[in-house]
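At position 35 of the sequence shown the residue is numbered 156 (my numbering), and the sequence of numbers has no breaks.
C-beta: ideal position from N, C-alpha, C; glycine also.
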Amino acid sequence: MAKLIISPAAGKYLKKLKDKKLKSLFKDAIDEIIADPMVGDAKVGDLEGISTYAFRYNKTDYRVAYTVEYVNDETVVVILAGTHENFYKELKKHWT
């Protein structure tokens, strides 16, 4: 089973969530990523090496960006979580 590491940026976003249903959906998304790290869409270009998992809640698109590191056992690193708006611009700040 994969080990999970959540970056400070993603942890801060998830901790601030007040909506319990939305927080549960993020937890479900991360659980699904841990179960099958290939479930997300692999990015190309300057975000190569990152995958994103998308879901929709209350007419808003949300994303979870992650990488999979293979050290001893696979490790899933969640880099960023948030709404689709400006998500990739913010992700580039954290990735590069």
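The shortest C-alpha to C-alpha distance from Tyr174 to any of Lys139, Lys133, Thr204 is the one to Thr204. Cβ contact annotation for Trp216 (same chain, cutoff 7 Å, sequence separation greater than five): Leu168, Ile171, Ile200, in chain order. For Asp167, there is no enclosing beta strand (DSSP E), as DSSP marks it with neither H nor E. Assignment of Ala156 by DSSP, reduced to helix, strand and coil, places it in the helix class.
Non-local beta-carbon contacts of Ile127 in its own chain, meaning distances under 6 Å to residues more than five positions away in sequence, involve Val199 in chain order.
With a 10 Å radius around the Cβ and a threshold of 16 neighbouring Cβ atoms, Val185 comes out buried. As the crow flies, the alpha-carbon of Gly132 is around 12 Å from that of Lys144.
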